[in-house]
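Asker:
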Amino acid sequence: MTVTIIYSKKRFPPPPYDVEVEDMNYYRLLYGGDHDQIFPRARSIQTTERVFRRSRPGLIRRGMSADIKITSEHQYVVVNFASLVAEVPADLINRALGNVSADVEAGPELEFVSAVVTASKPNDKIWSAVTQHQVDGLIAYRIRRSAKGKVWFEWVLGDRYFPHEDGNGADLAWIEKWDDGKGGELKFLRVERQELSDEGLTIQQHVYKMDGDSVGDQIDINQYAATYEIEIPDDQTLKDVDELLCGFVINDETLLHPRGRSALRNIDTIQEEINWTITRDSIVFDKHGKPKLAIPRALWDTVANQNQRDYGARFVRGADLEVVSFDEKTGAIPQYITWDAKTDQSFKHVERLIRYLLAVSKTSVQAAGLEDAKGDTGIALLYLWIQSVIKAEAIKDKFDSAIKDAIRKCMLLENAIGKGGLKPVNPVIEWGTMLPKAESEKDEEESKKYVDGVQSLETTVRRLHPDWSEEAIAAEIQKIQDEKAVDTLNPTYTQPPRVTV
1087 MTVTIIYSKK RFPPPPYDVE VEDMNYYRLL YGGDHDQIFP RARSIQTTER
1137 VFRRSRPGLI RRGMSADIKI TSEHQYVVVN FASLVAEVPA DLINRALGNV
1187 SADVEAGPEL EFVSAVVTAS KPNDKIWSAV TQHQVDGLIA YRIRRSAKGK
1237 VWFEWVLGDR YFPHEDGNGA DLAWIEKWDD GKGGELKFLR VERQELSDEG
1287 LTIQQHVYKM DGDSVGDQID INQYAATYEI EIPDDQTLKD VDELLCGFVI
1337 NDETLLHPRG RSALRNIDTI QEEINWTITR DSIVFDKHGK PKLAIPRALW
1387 DTVANQNQRD YGARFVRGAD LEVVSFDEKT GAIPQYITWD AKTDQSFKHV
1437 ERLIRYLLAV SKTSVQAAGL EDAKGDTGIA LLYLWIQSVI KAEAIKDKFD
1487 SAIKDAIRKC MLLENAIGKG GLKPVNPVIE WGTMLPKAES EKDEEESKKY
1537 VDGVQSLETT VRRLHPDWSE EAIAAEIQKI QDEKAVDTLN PTYTQPPRVT
1587 V
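Sequential numbering from 1087 applies to the sequence shown in my numbering.
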């Protein structure tokens, strides 16, 4: 058995994946709006330092101090279109994902797939999986089985999935942190290693102690589990299993980037320019937008001289001018001076940058709300959103294959260590339309498919009523079939002709 990744006495994550993980962390900051940590100009306006205590407990995140530092005289404005780029495909795919079921009408496969879907909740987790897939450029999944026999699959972050160079294995590695009882924390590296051999699939569990980013010696896994009271599966070899019980979904892969690329690539500099242009205008408005009160010189001298007599210094306060005298000879009265900034070109520059960002990321301008996104029909709406829909369709195909593959691998695991007897085949995933349609238009389309004979009655009822239970769908199908059977009978009886005897 060939070990392709060595962790002990090395930095984590291991090369060559350390570069990819660094890129993932960069794009996560970009997506999350933490632009002051990645853009130099966001830090260039930081001039002063202030410390204040959070007034509301709800604003304190877990692990953060209640006291925070603000080191910026002016607010760096973030209008984060990078999050829009990642979330639009997730919104469309989340809306389209429908029922997942086995490709059989009855049998153990149908019941097993239903149990896997219930435990895995693919419909609930598809949005977060697609969003993370777009940000990181890769997302993985692995198959799990509990001691009670429940089988499911779960999505795993791309920076935790390290395939072996020989293609016969993969490591799922992550860091666990525990309180050391002294106000600090202890870090450990957990590794689940899957490797294929002539004997089948071997799954091993390892744990290493960590010091910062460096991995120390391997420690006993059973002792680690007992110390922190966690359940860790035993090492085992699954005979007759000739594939890994994990996998991954990549985004925009090329021959030079076989592990995919983030959907946010090439837009970070445009995003930074949008932020900076808006921030610069905000600083100008903040500095010059407040009206300033101008008073005649004689009035200023009068108030200053009075303060000199009363307080021993010449000054003028705003409160001193709440009630002032009017100069009858010169007609001089206080007046407010406002500064009119011409920012039309700046606003147009921001709009151009936003359109460039959307074009580079293959996102429709309607998705950003820059243009009207209303269509008279579903087809008209589709053409308005066509750029985003085409992109989402390509991503959907990859997740369709991944979900099918994950459920089929669940069957392999069940056959290996469970009751067995399952036929490992891909399930059926129903995908609906990504864009909303009027109910009348949707009903007409589904009915036409059934009448034309290209869609079954069950599928038609299921699509017309996606929120119905299986019992309600079956009852509706039976009613339709019964009424159709009655309609086929001819209630008109032809009487014989009358004759005269």
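Virtual Cβ for every residue (Gly too), placed ideally from N, Cα, C. These figures come from a predicted structure and were not determined experimentally.
Grab the span of the beta strand (DSSP E) containing Phe1098 for me, first residue to last.
Answerer: If you look at Phe1098, you'll find it isn't in any beta strand (DSSP E); DSSP assigns it neither H nor E.
Asker: What's the C-alpha gap between Val1137 and Asp1372?
Answerer: Legend: pLDDT at Val1137 = 48, less than 50; position of this residue unreliable, no value from coordinates given.
Asker: Could you tell me whether the Cβ atoms of Phe1274 and Glu1262 are closer together than 8 Å?
Answerer: yes
Asker: Distance, Cα to Cα, Asn1209 vs Asp1338?
Answerer: Between the C-alpha atoms of Asn1209 and Asp1338 there is a straight-line separation of about 23 Å.
Asker: Is the beta carbon of Phe1401 closer than 8 Å to that of Ala1384?
Answerer: no
Asker: Spatial neighbours of Gln1290 within its chain, please: CB distance less than 7 Å, with the 5 preceding and 5 following residues excluded, ordered by chain position.
Answerer: Arg1279 and Asp1321
Asker: Could you please give me the residues that DSSP links to Ala1226 through a beta bridge?
Answerer: Val1242 and Phe1334
Asker: Can you confirm whether the region 1329-1343 touches the region 1245-1262 when touching is taken to mean that 3 or more C-beta pairs between the two stretches lie within less than 8 Å?
Answerer: Result yes; three or more Cβ-Cβ pairs closer than 8 Å.
Asker: Does the distance from the C-beta atom of Leu1224 to that of Asn1254 stay below 8 Å?
Answerer: Cβ distance not < 8 Å, so Leu1224 and Asn1254 don't count as in contact.
Asker: When the Cα atoms are used, what is the spatial distance from Thr1355 to Pro1126?
Answerer: 11 Å
Asker: Based on the DSSP output, what are the partners of Trp1517 in its beta bridges?
Answerer: As a beta-bridge residue in DSSP terms, Trp1517 pairs with Leu1183.
Asker: Does DSSP classify Phe1401 as helix, strand or coil?
Answerer: coil
Asker: Helix, strand or coil for Arg1114, going by three-state DSSP, please let me know.
Answerer: helix
Asker: Count the other CB atoms within 10 Å of the CB of Pro1099; is the residue buried (16 or more) or exposed (fewer)?
Answerer: buried
Asker: Taking C-beta to C-beta, are Val1186 and Ile1481 nearer than 8 Å?
Answerer: no
Asker: So who's on the other strand from Ile1261, going by DSSP bridges?
Answerer: Answer is Leu1275, bridged to Ile1261.
Asker: If we count the other Cβ atoms within 10 Å of its Cβ and call it buried at 16 or more, is Pro1513 buried or exposed?
Answerer: It is buried - the Cβ of Pro1513 has at least 16 other Cβ atoms within 10 Å.
Asker: Given this structure, state the Cα-to-Cα distance separating Ile1360 from Ile1369, to the nearest angstrom.
Answerer: 14 Å
Asker: What residue ranges within the region 1479-1561 form continuous alpha helix (DSSP H) runs of no fewer than 4 residues, ordered along the chain?
Answerer: 1525-1537 and 1543-1550
Asker: Can you pull the DSSP bridge partners for Ile1289?
Answerer: Gln1280 and Gln1322
Asker: Reducing DSSP to helix, strand and coil, say where Ser1568 ends up.
Answerer: Checking the sequence shown, residue 1568 turns out to be Asp, not Ser. Residue state for Asp1568 is assigned as helix, using DSSP reduced to three classes.
Asker: Is the number of C-beta pairs between the region 1231-1242 and the region 1492-1506 that are closer than 8 Å three or more?
Answerer: yes
Asker: When you compare each of Gln1394, Lys1295, Ser1300 and Pro1194 to Gln1309 by their alpha carbons, which one comes out closest?
Answerer: The option with the nearest alpha carbon to Gln1309 is Lys1295.
Asker: Using CA coordinates, which residue listed in Trp1264, Tyr1227, Asp1189 and Ala1233 is at the minimum distance from Ala1256?
Answerer: Tyr1227
Asker: Would Pro1175 be called buried (16 or more neighbouring beta carbons within 10 Å of its own) or exposed?
Answerer: buried
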